[in-house]
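> Protein chains in written order, with the working numbering: chain A, 1 to 103; chain B, 1001 to 1142. All C-beta atoms, glycine included, are put in the ideal place defined by N, C-alpha and C.
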Amino acid sequence: MTAAIRIRAKWAHGVTEVMLLMPHPMETGLRKGTDGRLIPAHFITDLQVHVEGRTVMSATMSHAVSQDPLIGFRFKGGNLGQKVTVAWVDNTRQSRSDSAPIS
Amino acid sequence: MCRGGAVAALLASGLWAFPSARAAQVSMQFDGLSVEETLKAWGGVRADEPDIVLTVPEVSDNGAFVSVAVSSFLADTREIAIVVEKNPDPLVVRFLIPAGTEPFVSTRIKVAESGPVYAVVRAGGTLSFCARNNQVVVGGCA
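(1) Just to make sure I have the definition right: I need the residues of chain A whose C-beta is within less than 7 Å of the C-beta of GLY1115 (chain B). Which are they?
(2) Would you mind sorting ALA64 (chain A) into buried or exposed? The rule is 16 or more other CB atoms within 10 Å of its CB.
(3) Compare the C-alpha of MET19 (chain A) against each of B:PRO1057, B:LEU1033, B:VAL1105, B:LYS1086 and name the closest.
(4) If the cut is a Cβ gap below 8 Å, which residues of chain B does PRO23 (chain A) touch?
(5) Spell out whether any CB of chain B is found under 8 Å from the CB atom of ALA64 (chain A).
(6) Name, going along the chain, the residues of the segment 1087-1100 of chain B whose beta-carbon falls closer than 7 Å to a beta-carbon of chain A.
(7) For LEU1015 (chain B), would you say it is in contact with chain A, using Cβ-to-Cβ distances shorter than 8 Å as the test?
(8) Determine, for THR55 (chain A), whether the minimum Cβ-Cβ distance to residues of chain B falls below 8 Å.
(9) Skipping 5 residues on each side, what residues in its chain have a beta carbon closer than 6 Å to that of ILE39 (chain A)?
(10) Check GLU52 (chain A) in the structure and name its three-state DSSP category.
(11) Which partner residues of TRP11 (chain A) appear in the DSSP bridge assignment?
(12) Mark ARG93 (chain A) as exposed unless 16 or more other C-beta atoms lie within 10 angstroms of its C-beta, in which case mark it buried.
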């Protein structure tokens, strides 16, 4: 039901720069809906990024990360065409994984 | 994951636990103490410029999307966390930096009201932090 994670991984001078955009409501559980009732919390709690079996980034997140989390980082190595796999799990146990090649 | 509670347990676990259930968040670890006092109680030291570079806008129009970037120049950086003092749950996100990944992260966070934003770095077994003030025009309902 969730939209695909958008992954941009660019290699330059031995370093791969990764930018991820994970469509997700990131509801805090503190906000009221139009009916005046609290909207239940719904947010990504865990993020893992792998390249060819190697973990290049992992994160634990709270609901205070903005809606549609955008995360940028860089790792040494990586080769053109290698697959970057991103997986998240949220607090309702939903999960999603997507991958894209390094370009 | 999902270990709320005692500071002793947090110290034992290296940095601190991360609450993922709403119930756990209510008793966040910074209770009664400011973020800075808590970090110091955990053995944290204030980092000198430019060992940790925290980039936060001085003024944010919209607290729901505040761009934050952290670079660490401390050797053997293993973990980077972002903590917002005035948020209902101060610990926003915690990144684990494996060997081979550069000690740099950028993201967007929610900030409830104006106040300090902290970057906390665990490097070579030491906890270091730095802070920047951020003014929010419209709170991010964090």
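According to the structure data:
(1) Residues of chain A passing the Cβ test: none, with the nearest at roughly 13 Å.
(2) It counts as buried.
(3) B:VAL1105
(4) Taking the beta carbon of PRO23 (chain A) as reference, no residue of chain B falls within 8 Å; the closest one sits roughly 13 Å away.
(5) yes
(6) Residues are counted here when their Cβ sits less than 7 Å from a Cβ of chain A; for the segment 1087-1100 of chain B these are ASN1087, PRO1088, ASP1089, LEU1091, VAL1092, VAL1093, ARG1094, PHE1095, LEU1096, PRO1098, GLY1100, given in chain order.
(7) Unreliable placement is indicated for LEU1015 (chain B), whose pLDDT of 46 sits below 50; the coordinate value is still reported in the next sentence. No, no contact with chain A.
(8) yes
(9) GLU27, ARG31, GLY33
(10) Residue state for GLU52 (chain A) is assigned as coil, using DSSP reduced to three classes.
(11) TRP11 (chain A) pairs with A:THR16.
(12) exposed
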